[in-house]
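Peer 1: First the structure, then my questions, so here it is.
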Amino acid sequence: MQRMERIIGTVVGSAVGDALGAPFEFREAGVYTAQFPDGVGEMCGGGGWDPGEATDDTQMAVLVGESLLERDGLDLPDIFVRFQRWAAAEPKDIGLQTEDVLTNGHPWDLAAPLHFQVTGRAAGNGSLMRASTSAVHFAAAGREATMAAARRIAALTHGDGAAWEGTAVLHDLIRVALDGGDPLAAVPSALAHVNAAHRARWATVLAPDWHPDAATEFNGAAWPCLGSAVWALRTTDSYEESLAAAIDLGGDTDTVAAVTGMLAGAVYGFGAIPQRWLKALHVPLPGFGARVLRVAELARLAERLAS
Numbered sequence: 026m027q028r029m030e031r032i033i034g035t036v037v038g039s040a041v042g043d044a045l046g047a048p049f050e051f052r053e054a055g056v057y058t059a060q061f062p063d064g065v066g067e068m069c070g071g072g073g074w075d076p077g078e079a080t081d082d083t084q085m086a087v088l089v090g091e092s093l094l095e096r097d098g099l100d101l102p103d104i105f106v107r108f109q110r111w112a113a114a115e116p117k118d119i120g121l122q123t124e125d126v127l128t129n130g131h132p133w134d135l136a137a138p139l140h141f142q143v144t145g146r147a148a149g150n151g152s153l154m155r156a157s158t159s160a161v162h163f164a165a166a167g168r169e170a171t172m173a174a175a176r177r178i179a180a181l182t183h184g185d186g187a188a189w190e191g192t193a194v195l196h197d198l199i200r201v202a203l204d205g206g207d208p209l210a211a212v213p214s215a216l217a218h219v220n221a222a223h224r225a226r227w228a229t230v231l232a233p234d235w236h237p238d239a240a241t242e243f244n245g246a247a248w249p250c251l252g253s254a255v256w257a258l259r260t261t262d263s264y265e266e267s268l269a270a271a272i273d274l275g276g277d278t279d280t281v282a283a284v285t286g287m288l289a290g291a292v293y294g295f296g297a298i299p300q301r302w303l304k305a306l307h308v309p310l311p312g313f314g315a316r317v318l319r320v321a322e323l324a325r326l327a328e329r330l331a332s
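Numbered by this note's numbering, the letters in the sequence shown go through residues 26 to 332 in order.
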């Protein structure tokens with residue numbers, strides 16, 4: 026499989042997972058299988074989402090990707106301003122933590138740390154959900170560079186270093202997959218580069234014998250979100266099966282499926298994504314006119330980010 030097939034699979038695969046999982050958000054475990062007992066899932070819509078409509082997960086990933094291209098590299102203040110413009114347009118969905126950071130009036134480099142200082146809780150999965158575009162952009166620069174970039178982008182909205190480290194691990198696993206390697210086998214080496222203060226907790230949820238039922242937090246937190254995505258990849262044999270397993274866990278289904286989709290897309294490639302899901306996929310961008318990205322635009326974005 027060509028590298029570009031995996032690159033496009035990462036970006037589009039994450040968006041598909043996001044849109045597929047959105048109608049099931051905060052519902053009970055097993056709801057996906059109950060709705061599609063024949064195993065053929067559809068972009069059904071529901072919960073305020075049109076069939077195939079991507080959520081804040083993909084919208085923020087697009088904003089990161091377009092900033093990287095238009096600013097010719099990592100410009101953190103620019104990404105933050107784009108996030109603020111998007112948040113001000115009242116998107117259908119935005120995480121409570123992310124919304125507070127983007128609207129609290131503090132500068133780009135203080136908003137997240139001050140939020141964490143006040144709340145003491147900032148390890149949500151919001152920095153994982155938007156990782157597809159930065160992961161493909163920095164992958165060719167190697168482990169150190171991609172993990173460093175992941176931490177810096179995560180820190181724009183998440184003041185807890187646990188979220189930074191999880192996002193860095195996700196970037197590195199995607200880097201390995203894009204090179205044709207096995208991201209599951211690469212987990213130990215990625216963990217070796219995680220900040221020592223956070224390594225043990227991440228090692229627990231990424232262990233081969235970990236199951237989402239063992240989670241100590243709701244999967245809106247970073248640890249069970251990434252752990253569940255890795256579990257879904259490990260326990261299935263196809264892109265489609267991995268997303269079904271992720272969504273069937275219930276809870277924060279759009280983000281768990283978005284993270285699963287980017288990993289599975291990197292492993293199985295764009296060609297493994299069912300056409301019936303691609304046809305309906307669309308990504309509105311609140312705050313940026315009437316723009317709606319579809320598969321062709323997402324694929325082109327992925328290609329440009331990796332070139």
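Backbone N, C-alpha and C define an ideal beta-carbon position, used for all residues, glycine too.
Residue 157 and residue 178 look like a contact to me (Cβ under 8 Å); what is the Cβ gap, rounded to whole Å?
Peer 2: The sequence position of residue 157 within the sequence shown is 132, counting from 1. The sequence position of residue 178 within the sequence shown is 153, counting from 1. No, residue 157 and residue 178 are not in contact; Cβ-Cβ is about 12 Å, not under 8 Å.
Peer 1: Please give me, in chain order, every unbroken run of the alpha helix (DSSP H) with length at least 4 that falls completely inside the segment 239–310.
Peer 2: Counting only runs of 4 or more, we get 247–259, 264–272, 278–293 and 300–305.
Peer 1: Buried or exposed for residue 213, please, with buried defined as at least 16 other CB atoms from any protein chain shown within 10 angstroms of its CB.
Peer 2: In the sequence shown, the residue the question calls residue 213 occupies position 188. Exposed is the call here.
Peer 1: Can you give me the C-alpha to C-alpha distance between residue 216 and residue 132, rounded to a whole angstrom?
Peer 2: If you number the sequence shown from 1, residue 216 lands on position 191. If you number the sequence shown from 1, residue 132 lands on position 107. The alpha-carbon atoms of residue 216 and residue 132 are separated by roughly 32 Å.
Peer 1: Please report how far the alpha carbon of residue 259 lies from the alpha carbon of residue 123, in whole angstroms.
Peer 2: Here residue 259 refers to the residue found at position 234 of the sequence shown. Here residue 123 refers to the residue found at position 98 of the sequence shown. One C-alpha to the other measures close to 30 Å.
Peer 1: Got a sec? Which residues, its chain only, sit under 8 Å from residue 128 by beta carbon, not counting five neighbours each side?
Peer 2: Taking the sequence shown and counting its residues from 1, the one referred to as residue 128 is at position 103. These residues qualify, in order along the chain: 109, 112 and 113.
Peer 1: Bridge partners for residue 139 per DSSP, in chain order?
Peer 2: As a working note, residue 139 is residue 114 in the sequence shown. For residue 139, which the question treats as bridged, DSSP gives no partner whatsoever.
Peer 1: By how many angstroms is the C-alpha of residue 164 removed from the C-alpha of residue 294?
Peer 2: In the sequence shown, counting from the first residue as 1, residue 294 sits at position 269. In the sequence shown, counting from the first residue as 1, residue 164 sits at position 139. Rounded to whole angstroms, residue 294 to residue 164 spans 16 Å at the Cα level.
Peer 1: Rounded to the nearest angstrom, what separates residue 266 and residue 125 at their Cα positions?
Peer 2: Your numbering for residue 266 matches position 241 in the sequence shown. Your numbering for residue 125 matches position 100 in the sequence shown. Using only the alpha carbons, I get a separation of about 35 Å.
Peer 1: Nearest-angstrom Cα distance between residue 130 and residue 58?
Peer 2: Counting from 1 along the sequence shown, the entry for residue 130 is found at position 105. Counting from 1 along the sequence shown, the entry for residue 58 is found at position 33. Rounded to the nearest angstrom, the two C-alpha atoms are 43 Å apart.
Peer 1: How about residue 289 and residue 303: are their beta carbons less than 8 Å apart?
Peer 2: Residue numbering aside, residue 289 sits at position 264 when the sequence shown is read from its first letter. Residue numbering aside, residue 303 sits at position 278 when the sequence shown is read from its first letter. Not in contact: residue 289 and residue 303 (Cβ atoms no closer than 8 Å).
Peer 1: Does the Cβ of residue 207 have 16 or more other Cβ atoms within 10 Å, making it buried, or fewer, making it exposed?
Peer 2: Counted from its first residue, the sequence shown places residue 207 at position 182. Residue 207 comes out exposed.
Peer 1: How many Å lie between residue 291 and residue 32 at the Cα?
Peer 2: Stepping through the sequence shown from its first residue, residue 291 is reached at position 266. Stepping through the sequence shown from its first residue, residue 32 is reached at position 7. Rounded to the nearest angstrom, the two C-alpha atoms are 6 Å apart.
Peer 1: Is it buried or exposed for residue 244, if we count other Cβ within 10 angstroms and need 16 for buried?
Peer 2: Residue mapping note: residue 244 aligns to position 219 of the sequence shown, counting from 1. So residue 244 counts as buried.
Peer 1: On the three-pair Cβ rule with 8 Å, is the segment 274–283 touching the segment 39–52?
Peer 2: Yes, the segment 274–283 touches the segment 39–52.
Peer 1: Taking the C-alpha atoms as reference points, what is the distance between residue 317 and residue 311?
Peer 2: Here residue 317 refers to the residue found at position 292 of the sequence shown. Here residue 311 refers to the residue found at position 286 of the sequence shown. When rounded, the distance between both Cα atoms is 9 Å.
Peer 1: Which residues mark the beginning and the end of the alpha helix (DSSP H) in which residue 67 is found?
Peer 2: Taking the first residue of the sequence shown as position 1, residue 67 is located at position 42. From DSSP, residue 67 is part of no alpha helix (DSSP H); its letter is neither H nor E.
Peer 1: In whole angstroms, what separates the C-alpha of residue 121 from that of residue 30?
Peer 2: Your numbering for residue 121 matches position 96 in the sequence shown. Your numbering for residue 30 matches position 5 in the sequence shown. Computed Cα separation, rounded: 35 Å.
Peer 1: Taking the C-alpha atoms as reference points, what is the distance between residue 90 and residue 40?
Peer 2: Against the sequence shown, residue 90 aligns to sequence position 65. Against the sequence shown, residue 40 aligns to sequence position 15. Each residue's Cα considered, the two are about 13 Å apart.
Peer 1: Counting Cβ pairs, one atom from each stretch, are 3 or more of them under 8 Å apart for the segment 145–152 and the segment 235–251?
Peer 2: The segment 145–152 is in contact with the segment 235–251.
Peer 1: For residue 106, which option in 136, 79 and 272 has the closest C-alpha, if you only look at C-alpha atoms?
Peer 2: As a position in the sequence shown, residue 106 is number 81, starting the count at 1. Looking at the Cα atoms, 136 is the closest of the given residues.
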